[in-house]
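Chains as they are written, first to last, in our numbering: chain A, 3 to 175; chain B, 3 to 175; chain C, 3 to 175; chain D, 3 to 175. What follows is a set of notes on a single structure, which appears directly below.
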């Protein structure tokens with residue numbers, strides 16, 4: 003079973019909208035963050051910057067998802083653009099579409115049942131969500147998990163991948 | 003000669019406006035910052051938090067001055083309030099009054115001729131500006147300089163202090 | 003061509019001597035260090051501790067090699083044992099055999115032509131040396147390179163691996 | 003009451019032995035450490051290096067005391083010399099004289115009743131011990147306490163200082 007499509011109202015640092023579905027065949031690393039979340043700013047986003055630098059040349063897609071679920075009036079698209087500029091964040095960032103019916107949680111965040119920010123999402127080449135982690139993930143573990151997905155070429159080989167067999171990324175918790 | 007009065011449009015974390023002039027008799031530590039300035043977030047503001055915790059009980063006034071000179075639409079009072087909440091900043095923060103006549107630099111920042119953020123300002127009990135530093139100041143040095151000003155009781159003793167004699171804070175650069 | 007065997011005078015944290023040759027079929031991570039090398043203490047050894055914790059359960063062998071090439075009288079086996087105890091280093095550490103004929107450089111260090119400490123060595127399952135790096139390697143990159151070697155099952159599959167084809171670990175510098 | 007004299011078997015980084023008594027009139031900062039104590043290496047000694055750099059020009063004496071109470075065979079004078087060289091420690095370091103009658107604790111450490119390493123000792127100009135802290139002291143606090151002692155000129159003024167009145171260094175815990 004593939005993962006829910008991202009529901010993005012606007013993409014920054016990207017010439018055109020990115021669709022998760024269109025990444026099929028590529029490993030995808032996504033980081034759901036808020037620009038005023040201290041743990042995102044001090045840890046998760048610098049980690050994504052290095053991940054983008056190291057793994058984009060290997061064909062990995064690294065994106066941020068701005069999942070604003072609080073302080074909506076502060077974390078506007080305008081504020082986010084200034085933030086990305088000041089923090090030198092160059093990878094694509096999608097603004098999660100605001101919730102409907104008074105839901106403070108934006109739609110992608112709701113669809114994935116995220117508990118907060120930062121949340122790391124790792125997808126394999128077949129579009130399956132292989133990891134969803136709320137909070138801190140060490141660099142050593144993240145590097146291993148990304149490479150594990152990169153080396154999992156079953157789909158590229160045309161081999162059947164029903165998405166239910168053992169994880170490629172098997173670094174123990 | 004005393005330092006220019008702060009020109010503040012709104013005070014946060016304070017039941018009432020603070021005036022520099024009204025601090026006479028107290029040592030004052032002010033940090034001019036922007037909420038989207040990486041060096042402010044990673045270094046200067048955590049330093050101010052500890053300075054407030056350590057030195058407020060000794061009678062030191064610690065304040066932040068939100069001197070927005072870029073990305074004005076992003077760093078609004080609403081955004082600043084969210085920022086202070088998320089980063090657990092409890093000391094008073096004054097919003098520097100926007101410049102006039104198209105000046106992107108706010109008025110206090112202009113009056114002090116600041117070069118950027120963060121800028122540290124240290125005032126003695128007589129209201130003299132004793133130090134103005136753009137950029138990083140080590141904790142060891144800052145602790146020394148604050149205590150040096152605290153121990154400079156000339157004014158409190160009624161001794162003449164014309165503000166021109168040697169600095170109390172003499173930690174070499 | 004396989005890598006030179008380690009030349010070890012004594013193993014610590016290991017019930018018996020470890021031979022590189024005997025690790026065939028396993029990925030091996032070795033860190034050449036000196037207990038009085040600041041970069042080893044602050045970065046490389048903490049990195050090895052986490053690597054051991056994460057990857058030993060996946061069948062990776064993590065070892066330290068104490069390659070003393072200076073201050074020989076200070077970095078004795080007795081001193082090293084105290085160091086390992088105080089820094090809570092639990093993975094096996096081999097003491098590189100001192101050089102002969104007045105060579106200050108120990109024998110394994112000499113055989114590998116190391117430039118200093120720390121030096122990271124990564125071996126694949128076939129015993130080939132796939133990476134030798136003097137200095138700092140980021141955690142993100144190291145995690146990726148270890149996992150890349152883990153996923154390279156050519157040898158385990160019985161496929162011919164002459165050790166000359168492209169690297170499994172292809173994270174760009 | 004003045005503090006116990008240091009009992010030092012050998013001074014390093016000093017052309018001649020240093021006596022605490024001979025420092026009368028100067029503020030003294032001493033750090034009792036062991037070269038294989040992780041907290042000393044990562045925090046206390048870098049702090050002393052900066053303290054030496056900042057405050058020596060102001061007339062403060064900064065010294066290390068190598069108080070070896072464990073792993074005696076590892077932390078020899080020879081090993082300490084190599085350590086000081088590798089860690090670029092340039093301030094004077096005294097080797098605490100080994101205990102007698104089988105006491106594992108060296109004599110200065112015993113005389114001060116220290117609980118472990120690192121232990122910070124701050125002395126005023128009159129030779130009184132004003133602070134003894136086992137463990138971590140923040141840079142901001144240490145800077146303040148050193149400057150407080152520097153500004154306490156009672157003794158230099160000839161004013162009576164019986165060592166029993168309130169502390170000059172009054173940064174709250």
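Beta carbons are placed, not taken as given, at the ideal position from N, Cα and C, and that holds for glycine.
For the segment 64-145 of chain D, which segments carrying the alpha helix (DSSP H) assignment without a break, of at least 4 residues, lie completely within its bounds, in sequence order? 79-88, 109-114
Taking 8 Å as the threshold (C-beta atoms), are residue 144/C and residue 49/C in contact? Mapped onto the third chain, residue 49/C falls at position 47. Mapped onto the third chain, residue 144/C falls at position 142. Result yes, Cβ atoms of residue 49/C and residue 144/C sit closer than 8 Å.
Where does the unbroken alpha helix (DSSP H) through residue 53/A begin, and where does it stop? Position 51 of the first chain holds residue 53/A. Unbroken alpha helix (DSSP H) run through residue 53/A: 47-57.
When you compare the segment 64-80 of chain C with the segment 22-40 of chain C, are there three or more beta-carbon pairs, one atom per stretch, that lie closer than 8 Å? yes
Give the secondary structure of residue 7/B by DSSP, where H, G and I count as helix, E and B as strand, and everything else as coil. Within the second chain, numbered from 1, the residue matching residue 7/B stands at position 5. In the structure shown, residue 7/B sits in coil (DSSP, three-state: anything other than H, G, I, E or B).
Taking the beta carbon of residue 68/A as the centre, do at least 16 other beta carbons fall within 10 Å, making it buried, or is it exposed? Position 66 of the first chain, counted from the first residue, corresponds to residue 68/A. Result: buried.
Quick one: grab the DSSP three-state call for residue 168/D. Reading the fourth chain from its first residue, position 166 is the one you call residue 168/D. In this prediction, residue 168/D has a pLDDT of 37, which is less than 50 and means its spatial position is unreliable; what the coordinates show is noted afterwards. In the structure shown, residue 168/D sits in coil (DSSP, three-state: anything other than H, G, I, E or B).
Please name the residue in 155/A, 149/A, 154/A whose C-alpha comes closest to that of residue 56/A. Here the question's residue 56/A lines up with position 54 in the first chain. Answer by Cα proximity: 149/A.
Which residues of the segment 19-45 of chain A have a Cβ closer than 9 Å to any Cβ of chain B? Give them in chain order. 36, 37, 38, 39, 40, 43, 44
Opening and closing residue of the beta strand (DSSP E) in which residue 42/B lies: Numbered from its first residue, the second chain carries residue 42/B at position 40. Premise fails: residue 42/B is in no beta strand (DSSP E) and is neither H nor E.
Would you identify the three-state DSSP class for residue 12/D, choosing helix, strand or coil? As a working mapping, residue 12/D is identified with position 10 in the fourth chain. If DSSP states are grouped into helix, strand and coil, residue 12/D belongs with the strands.
So the candidates are 142/B, 127/B, 105/B, 93/B; which of them puts its Cα closest to the Cα of residue 33/B? As a first step, residue 33/B is located in the second chain; it is residue number 31 there, counting from the start. The candidate whose alpha carbon is nearest that of residue 33/B is 93/B.
If you count every other CB in all the chains shown that lies within 10 Å of the CB of residue 85/A, and 16 or more means buried, which is it? Working through the first chain from its first residue, we reach residue 85/A at position 83. Residue 85/A should be labelled buried.
Min CB distance residue 53/B to chain D below 8 Å: Start at 1 with the first residue of the second chain, and residue 53/B comes out as number 51. So, interface residue.
8 Å Cβ cutoff, residue 163/A in contact with chain C: Residue 163/A sits at position 161 when you count from the first residue of the first chain. Low per-residue confidence applies at residue 163/A: pLDDT is 41, beneath 50, and the placement is therefore not dependable, though the value from the model is reported in the following sentence. Chain C contact via Cβ: absent.
Quick one: is residue 127/D near chain B, going by C-beta distance under 8 Å? Taking the fourth chain and counting its residues from 1, one reaches residue 127/D at position 125. Not closer than 8 Å to any Cβ of chain B, the Cβ of residue 127/D fails to qualify, so no.
Can you give the Cα-Cα distance for residue 115/B and residue 64/B, rounded to whole angstroms? In the second chain, residue 115/B corresponds to position 113, counting from 1. In the second chain, residue 64/B corresponds to position 62, counting from 1. Approximately 21 Å between the Cα atoms of the pair.
So the candidates are 6/B, 10/B, 4/B; which of them puts its Cα closest to the Cα of residue 79/B? Stepping through the second chain from its first residue, residue 79/B is reached at position 77. The shortest Cα separation from residue 79/B among 6/B, 10/B, 4/B belongs to 10/B.
Assuming residue 112/A contacts residue 101/A under a Cβ cut-off of 8 Å, what Cβ separation, rounded to an integer in Å, is found between them? Position 110 of the first chain holds residue 112/A. Position 99 of the first chain holds residue 101/A. Correct: roughly 6 Å between the Cβ atoms.
Which one of 131/D, 13/D, 141/D has the shortest CA to CA distance from residue 82/D? Within the fourth chain, residue 82/D is the residue found at index 80, counting from 1. When each option's Cα is compared against that of residue 82/D, the closest is 13/D.
Residue 135/C and residue 121/C: beta carbons closer than 8 Å? Along the third chain, read from residue 1 onward, the residue named residue 135/C stands at position 133. Along the third chain, read from residue 1 onward, the residue named residue 121/C stands at position 119. For residue 135/C and residue 121/C, yes; Cβs fall inside 8 Å.
Under 9 Å Cβ-Cβ, which residues of chain B neighbour residue 147/A? Counting from one through the first chain, the residue named residue 147/A turns up at place 145. Simply none; closest approach about 27 Å.
Which residues in chain D have a C-beta closer than 9 Å to the C-beta of residue 47/B? List them in chain order. Against the second chain, residue 47/B aligns to sequence position 45. Within chain D, no residue comes near residue 47/B; the closest Cβ sits about 14 Å away, beyond 9 Å.
Can you give me, in chain order, the residues of the segment 81-104 of chain C that have a beta carbon less than 9 Å from any beta carbon in chain D? 81, 82, 83, 84, 85, 87, 88, 89, 90
So, does the CB of residue 150/A fall closer than 8 Å to a CB anywhere in chain C? For the purposes of this step, residue 150/A is taken as the residue at position 148 of the first chain. Judged by the 8 Å Cβ criterion, residue 150/A is in contact with chain C.
Start-to-end residues for the beta strand (DSSP E) that takes in residue 32/D: Walking along the fourth chain from the start, residue 32/D turns up at place 30. 30-35 is the span of the beta strand (DSSP E), which, as asked, contains residue 32/D.
Under 7 Å Cβ-Cβ, which residues of chain A neighbour residue 144/C? Sequence index remark: in the third chain, residue 144/C carries index 142 (1-based). The contacting residues are 142, 145.
Residue 23/C - DSSP class collapsed to helix/strand/coil: One-based indexing of the third chain puts residue 23/C at position 21. In the structure shown, residue 23/C sits in a helix (DSSP, three-state: H, G or I).
Under 7 Å by beta carbon: chain A residues contacting residue 73/B: The sequence position of residue 73/B within the second chain is 71, counting from 1. Neighbours of residue 73/B on chain A, chain order: 84.
Is the beta carbon of residue 4/D sitting closer than 8 Å to the one on residue 96/D? For this step, residue 4/D is matched to residue 2 along the fourth chain. For this step, residue 96/D is matched to residue 94 along the fourth chain. No; because the gap between Cβ atoms is not below 8 Å, this pair is not in contact.
With distances taken between CB atoms, is the gap from residue 176/C to residue 126/C smaller than 8 Å? Limits of chain C in this structure are 3 at one end and 175 at the other, which puts residue 176/C out of reach.
Would residue 153/B pass as an interface residue toward chain D - the criterion being a Cβ-Cβ separation below 8 Å? Start at 1 with the first residue of the second chain, and residue 153/B comes out as number 151. Interface residue, yes.
Interface flag, residue 130/D vs chain B, CB-CB below 8 Å: Residue mapping note: residue 130/D aligns to position 128 of the fourth chain, counting from 1. Not closer than 8 Å to any Cβ of chain B, the Cβ of residue 130/D fails to qualify, so no.
Listed by chain order, chain D residues near residue 122/B by CB distance under 7 Å: The residue given as residue 122/B occupies position 120 in the second chain. Simply none; closest approach about 13 Å.
Spatially closest choice to residue 147/B from 88/B, 137/B, 53/B, 91/B, by CA coordinates: Residue 147/B sits at position 145 when you count from the first residue of the second chain. Comparing Cα positions, the closest option is 53/B.
Here's the rule: buried if 16 or more other CB atoms are within 10 angstroms of the residue's CB, otherwise exposed. What is residue 133/B? Taking the second chain and counting its residues from 1, one reaches residue 133/B at position 131. Residue 133/B is buried by the Cβ-count criterion.
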